[in-house]
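Peer 1: Numbered per the UniProt record's numbering, the sequence shown spans residues 1 to 238.
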Amino acid sequence: MFTEDHRLGDIVVKFPQAGDIFKRYHIDFCCGGDQPLSEAIAEHSIDGSSLLKELNERYREAVRQGIEITDWSKASMEQLIHHIVNRHHAYLNKVFPPMSELTAKILRVHGENHGQVLSQVHRLFSQLRTDMEQHMIAEEQSVFLQIIDYEQIRTPGKLGAVIAAVEKLDQEHEATGDIVKMMRKVTDNYALPEDACATYAYVFEKLEELETDIFQHIHLENNILFNRLLNERLLPSE
1 MFTEDHRLGD IVVKFPQAGD IFKRYHIDFC CGGDQPLSEA IAEHSIDGSS
51 LLKELNERYR EAVRQGIEIT DWSKASMEQL IHHIVNRHHA YLNKVFPPMS
101 ELTAKILRVH GENHGQVLSQ VHRLFSQLRT DMEQHMIAEE QSVFLQIIDY
151 EQIRTPGKLG AVIAAVEKLD QEHEATGDIV KMMRKVTDNY ALPEDACATY
201 AYVFEKLEEL ETDIFQHIHL ENNILFNRLL NERLLPSE
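#1: Which stretch, first to last residue, makes up the alpha helix (DSSP H) that contains Met183?
#2: Would you report the Cα separation of Ala161 and Glu139, rounded to the nearest angstrom?
#3: Report the three-state DSSP secondary structure of Pro98 (helix, strand or coil).
#4: Beta-carbon separation of Gly32 and Asn223 under 7 Å?
#5: Does the count of Cβ pairs from the stretch 174-181 and the stretch 126-136 closer than 8 Å reach three?
#6: Among the candidates Ser50, Gln116 and Cys197, whose CA atom is the shortest distance from the CA of Thr3?
#7: Strictly under 7 Å for the Cβ-Cβ distance: is Met183 near chain C by that measure?
#8: Using 10 angstroms around the beta-carbon of Asp20, count the other beta-carbons present and answer buried if the total reaches 16, otherwise exposed.
#9: Please name the residue in Val143, Ile214 and Gln17 whose C-alpha comes closest to that of Thr70.
#10: Could you compute how far the alpha carbon of Ile27 sits from the alpha carbon of Ala40?
#11: Where does Gln141 land, buried or exposed, given buried means 16+ other C-beta within 10 angstroms?
#12: Going by other Cβ atoms of all chains shown within 10 Å of its Cβ, with 16 needed for buried, is Ile153 buried or exposed?
#13: Would a C-beta distance cut-off of 7 Å place Ile137 and Val180 closer than the cut-off?
#14: For Leu210 and His219, I'd like the C-alpha separation in whole angstroms.
#15: Three Cβ pairs or more, each shorter than 8 Å: is that satisfied between the stretch 58-66 and the stretch 77-93?
#16: What number of angstroms, rounded off, separates the C-alpha of Ile147 from the C-alpha of Met77?
#17: Would you say Val166 and Phe226 are within 7 Å of each other, going by their C-beta atoms?
#18: Please confirm whether any heavy atom of the ligand GTP lies closer than 6 Å to the CB of Val13.
#19: By how many angstroms is the C-alpha of Asn231 removed from the C-alpha of Gln216?
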């Protein structure tokens, strides 16, 4: 059973579907994974009893149905890295190019009536793509390789270098989260105007899908992968 004392990140580690619930309440469980649920409830003026009831009922139902829940906290760091790259990095590399074209397209077509919103969407998405592409390249070509090497042969020097690298990545995650939240804000939670065409609706649908994937992506890195490394720093030396 989950309580208000549980940290957001720990809840989603144990029950990934909780991320969908938190997202509906605009609770940041990826960059804000260290926050206790009680603080998030107070911050967003949420009915805590209703949220906890839904959370625990959904969890019990998943257990009752025997839904397989992958606990990435029990996987090796290398296994988790491969999952992040093959699932989340691959997804972003696939969707970024067409979405860049489509955000520009709806700005051209609907800019006269909705330019204030769509120009911000286009700018924010372009920044998100640039930042995340550079971020993923750094992870795949350097930091993730350092982590895998450290996991194979652990030394204090390697751990110190890896932690310095992931702390920089964590700061970049904060910036990414801010961009994603701002896109939701400027679009009024991706509300469609009456004259929205099919492409307009498709872009907003895909941006929400992108938001969900990025939150889960950052959650896996911040609350599991990076957190494991930070915890190892606290272990006594052998």
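Virtual Cβ for every residue (Gly too), placed ideally from N, Cα, C.
In this text, all values refer to a predicted model and were calculated from it rather than measured experimentally.
Peer 2: In brief:
#1: For the purposes of this step, residue 183 is taken as the residue at position 183 of the sequence shown. Met183 -> alpha helix (DSSP H) spans Pro156 to Val186.
#2: Reading the sequence shown from its first residue, position 161 is the one you call residue 161. Reading the sequence shown from its first residue, position 139 is the one you call residue 139. The alpha-carbon atoms of Ala161 and Glu139 are separated by roughly 14 Å.
#3: Residue numbering aside, residue 98 sits at position 98 when the sequence shown is read from its first letter. In the structure shown, Pro98 sits in a helix (DSSP, three-state: H, G or I).
#4: Looking up residue 32 in the sequence shown gives position 32. Looking up residue 223 in the sequence shown gives position 223. Contact: no.
#5: yes
#6: Residue 3 sits at position 3 when you count from the first residue of the sequence shown. Ranking Ser50, Gln116 and Cys197 by Cα distance to Thr3 puts Ser50 first.
#7: You won't find chain C in this structure, because it holds only one protein chain.
#8: Locating residue 20 in the sequence shown gives position 20, counting from the first residue. It counts as exposed.
#9: To locate residue 70, count along the sequence shown from 1; it is residue 70. Taking only the C-alpha atoms, the option nearest Thr70 is Gln17.
#10: Position 27 of the sequence shown, counted from the start, is the residue given in the question as residue 27. Position 40 of the sequence shown, counted from the start, is the residue given in the question as residue 40. Cα to Cα, Ile27 sits roughly 7 Å from Ala40.
#11: Residue 141 sits at position 141 when you count from the first residue of the sequence shown. A residue is called buried when at least 16 other Cβ atoms come within 10 angstroms of its Cβ; Gln141 does not meet this threshold and is exposed.
#12: On the sequence shown, residue 153 is found 153 positions in, with the first residue counted as 1. Result: exposed.
#13: Taking the sequence shown and counting its residues from 1, one reaches residue 137 at position 137. Taking the sequence shown and counting its residues from 1, one reaches residue 180 at position 180. In this structure, Val180 does not lie closer than 7 Å to Ile137 by Cβ.
#14: Start at 1 with the first residue of the sequence shown, and residue 210 comes out as number 210. Start at 1 with the first residue of the sequence shown, and residue 219 comes out as number 219. If I take the Cα positions, the gap works out to 14 Å.
#15: no
#16: Numbered from its first residue, the sequence shown carries residue 147 at position 147. Numbered from its first residue, the sequence shown carries residue 77 at position 77. If I take the Cα positions, the gap works out to 8 Å.
#17: As a working mapping, residue 166 is identified with position 166 in the sequence shown. As a working mapping, residue 226 is identified with position 226 in the sequence shown. Closer than 7 Å, so yes.
#18: Judged by which ligands are present, the structure shown has none, so any question about the ligand GTP falls away.
#19: Locating residue 216 in the sequence shown gives position 216, where the first residue counts as 1. Locating residue 231 in the sequence shown gives position 231, where the first residue counts as 1. Approximately 21 Å, taken between the alpha carbons.
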